[in-house]
Structures are given as structure tokens and as C-alpha cells.
Amino acid sequence: MINLDKITLQAWCQSRGIDLVILFGSRATGKTHSRSDTDIALFARANHLRAQHVRLYGEMEDLLREEIDVTILDLDSDPVLLVEIYQKGKCLYESEPGLFFEQKLRAFRLFEDTAPLRALRDQALAQRIKALQNVTAHR
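Everything in the sequence shown is counted per my numbering, starting at 424 for the first residue and increasing by one.
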């Protein structure tokens with residue numbers, strides 16, 4: 424998976440107010456290839472990470488000593504992305520036991536709550552595509 428000392432990761436997270444570190448993507452599922460990077464999601468209850476994204480990205484890359492992609496999880500995160508991360512991801516650090524599971528449940532609830540909105544969006548997109556196809560066909 425990844426080569427990271429848990430004590431080093433814990434100290435780094437605690438000093439930055441990070442509550443969850445999740446490995447996701449191909450490294451978490453084991454479906455890697457020669458160009459696979461490492462996808463890391465960070466979550467903080469204080470919701471302060473987005474402003475520090477670039478700095479945290481650099482620090483995580485230094486910690487892991489490999490090419491990474493950092494995703495900040497917060498209240499504005501896409502429910503589809505949240506479900507993907509929490510369903511297939513591996514928790515590398517949690518500030519308290521059970522937090523990963525708690526956030527996973529929140530992600531699934533949000534996904535369910537927003538399903539009607541995604542259905543409306545998909546329907547509107549399908550109508551636009553059909554209208555564009557009709558315009559193109561009449562040219």
C-alpha cells in the first residue's frame with residue numbers, strides 16, 4: 424500500500440487539526456498500474472483545510488515520498504465522491520475511534536438525500552442533449 428510510519432502520521436495530523444486521513448483510488452483497491460499516483464483524502468471537523476490545501480499537499484508528498492493527489496473533504500464535497508472514498512477507501516488515521524464509520528454513514532445519508540437532485544440534473548442533461556441532436560439533425 425503506502426510506506427508511512429503511523430506515529431509520524433499521527434503527530435502530523437494532530438499538529439494540523441486533521442481528524443481523518445483516507446487512502447482511496449487504485450492504491451486502496453490494489454488495482455494499480457505503472458502511472459498510478461496515491462490518492463489521499465483529508466477531513467477536519469473544524470473545516471479549515473481548504474485554505475491550506477497547497478501546503479498540506481506538499482507536506483503529504485514529503486511524508487509519503489511519492490506522487491500524490493490530495494482531496495479535502497468538507498461540507499461542500501460531492502456526495503458521489505464521498506461515497507466512493509468512504510466505501511472503497513482505507514482509513515490511515517482517525518483522531519478518535521469510530522470517526523471514519525461516523526463520516527461514512529454521513530456520506531451515505533447525504534448521497535441518499537441528494538439522489539432526487541441528481542435525477543433531476545440527469546433528466547435536464549438528457550433533454551438538452553436531445554434538443555442539440557435535433558438541431559444538428561436539421562442542418
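We treat Cβ as the ideally placed atom computed from N, Cα and C, and that holds for glycine.
1. So for residue 441, helix, strand or coil by DSSP?
2. Where does residue 517 sit, in a helix, a strand or coil, going by DSSP?
3. Give the DSSP bridge partners of residue 464, in chain order.
4. Is residue 481 helix, strand or coil when you go by DSSP?
5. Write down the C-beta distance between residue 463 and residue 443 rounded to the nearest angstrom, noting that I regard them as a contact closer than 8 Å.
6. Between residue 502 and residue 537, which are expected to be in contact by the criterion C-beta below 8 Å, what is the C-beta distance as a whole number of angstroms?
7. How long is the line joining the alpha carbons of residue 450 and residue 559, rounded to whole angstroms?
8. Suppose you measure from the CA of residue 452 to the CA of residue 508; what does that come to, to the nearest Å?
9. With a 10 Å radius around its C-beta and 16 neighbouring C-beta atoms as the bar for buried, classify residue 517 as buried or exposed.
10. So, for residue 505: in the same chain, excluding its five sequence neighbours on each side, which residues have a beta-carbon less than 6 Å away from its beta-carbon?
11. Note down the Cα distance separating residue 391 from residue 475, rounded to an integer number of angstroms.
12. Using only the alpha-carbon positions, how far apart do residue 440 and residue 551 sit?
13. Determine the direct distance from the alpha carbon of residue 554 to that of residue 490, and round the result to whole angstroms.
14. Give a yes or no on whether the C-beta atoms belonging to residue 427 and residue 486 are separated by under 8 Å.
Put simply:
1. Residue state, collapsed to three classes: coil.
2. Note: residue 517 maps to strand in three-state DSSP.
3. By DSSP's assignment, residue 464 forms a beta bridge with 445 and 494.
4. In the three-state DSSP reduction, residue 481 falls in the helix class (H, G or I).
5. Between residue 443 and residue 463 the Cβ distance is about 10 Å, and since that is not below 8 Å, they are no contact.
6. Going by Cβ atoms, the distance from residue 502 to residue 537 rounds to 5 Å, so yes, they are a contact pair.
7. Within the model, the alpha-carbon separation for residue 450 versus residue 559 is close to 43 Å.
8. In this structure, the CA atom of residue 452 is about 11 Å from the CA atom of residue 508.
9. Buried is the label assigned to residue 517, since at least 16 other Cβ atoms lie within 10 Å of its Cβ.
10. Here the set comprises 530.
11. A question about residue 391 goes unanswered here, because the residues of the chain that appear run from 424 up to 562.
12. Residue 440 and residue 551 have their C-alpha atoms spaced approximately 44 Å apart.
13. If I take the Cα positions, the gap works out to 43 Å.
14. Result yes, Cβ atoms of residue 427 and residue 486 sit closer than 8 Å.
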